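Asker: By UniProt numbering, the letter at position 55 of the sequence shown is numbered 55, and the numbering carries on one by one without gaps.
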Amino acid sequence: MKDGTKADYELLERLEKPYVALTADRVLDELRRQGDATLEGYRITRLDHGLQSATRAERDGADIDWIVGTLLHDIGDGLAPQNHDRFSAEVIRPFVRWDVSWVVEHHGIFQMIYYAHHYGWDENARDAFKDHPCFESCAEFCERWDQASFDPDYDAKPLIHFEPMVREVFARKAYDPDVIREGYVSPLVA
1 MKDGTKADYE LLERLEKPYV ALTADRVLDE LRRQGDATLE GYRITRLDHG LQSATRAERD
61 GADIDWIVGT LLHDIGDGLA PQNHDRFSAE VIRPFVRWDV SWVVEHHGIF QMIYYAHHYG
121 WDENARDAFK DHPCFESCAE FCERWDQASF DPDYDAKPLI HFEPMVREVF ARKAYDPDVI
181 REGYVSPLVA
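1. Is the distance from the Cβ of ARG97 to the Cβ of ASP48 below 9 Å?
2. Apart from the five residues on each side of it in sequence, which residues of its chain come closer than 7 Å, Cβ to Cβ, to GLU123?
3. If you measure between the beta carbons of VAL68 and ILE44, is that distance less than 9 Å?
4. Cα-Cα, which of SER149, ASP99, ASP36 is closest to TYR184?
5. Which residues mark the beginning and the end of the alpha helix (DSSP H) in which HIS73 is found?
6. Figure out for me which residue from GLU13, ALA54, VAL179, ILE160 has the closest Cα to the Cα of PHE95.
7. Ignore the nearest five residues each way along the sequence and tell me which others in GLU168's own chain have a CB closer than 7 Å to its CB.
8. Going by the beta-carbon positions, is the gap between GLN52 and SER137 smaller than 9 Å?
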C-alpha cells in the first residue's frame, strides 16, 4: 500500500463506489441466508427472529433507525456467534444514530438478565453500564423487541416489507453527523 500513487488510489476509490452502493443488497442477502436454517434448539430461524423484532418495533411506532437496527441486531450471528452483537453494530454504525448502534452492540449482555442464572453467570452484568445514557434504551429494546421475538406463531411482516427501509438507511452517507447525532438519545417509540 505504501507504494501506491495518488492516481492508484483515485482509481481504487472510483472502482469501489459501485461495490459500496450494493451494501444493502449484501445485507439483504445475508438476512435471506439466515432464513435457510435455524440454530439447533430454536423453533424459528434467525431471519424469523429479526422479522418479528422489527415488526414489533414498527407496530410500537419506532422510527426507521430503530426498525432497521432491530431487524439487523443479530445479523452477525452467522459469522461471529460469540460476539454477534458487536459485529452487528459495526454493520449498521455508519448509517444509523449512535444510540441505535450502541444498543445493538450491547444487547447481548443486556439479554443475559433473562437466562444467565441458568448457566451460573451474572444475570446483572449489564449493570456495568447503568450510568450510560443508553442503558434504559437497551433494557427496553431487549424487553419489548428482542426477548419476546422467538414465537413461531407471531404474525411478522415479510422481509420484502422491510427492504425499502434497509435500502434507505444504507443509501445514507456513511458517518453523516446529521444522521449519527452523537450524544442524542432517541425514544424507542414516538
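Even glycine gets a Cβ: it sits at the ideal position worked out from N, Cα and C.
Predicted model only: the values in this text are computed from it and were never measured.
Answerer: Judging by the given coordinates:
1. no
2. MET112, ILE113, ALA116, HIS117
3. no
4. ASP99
5. Here HIS73 belongs to no alpha helix (DSSP H), and DSSP marks it neither H nor E.
6. VAL179
7. ILE64
8. no
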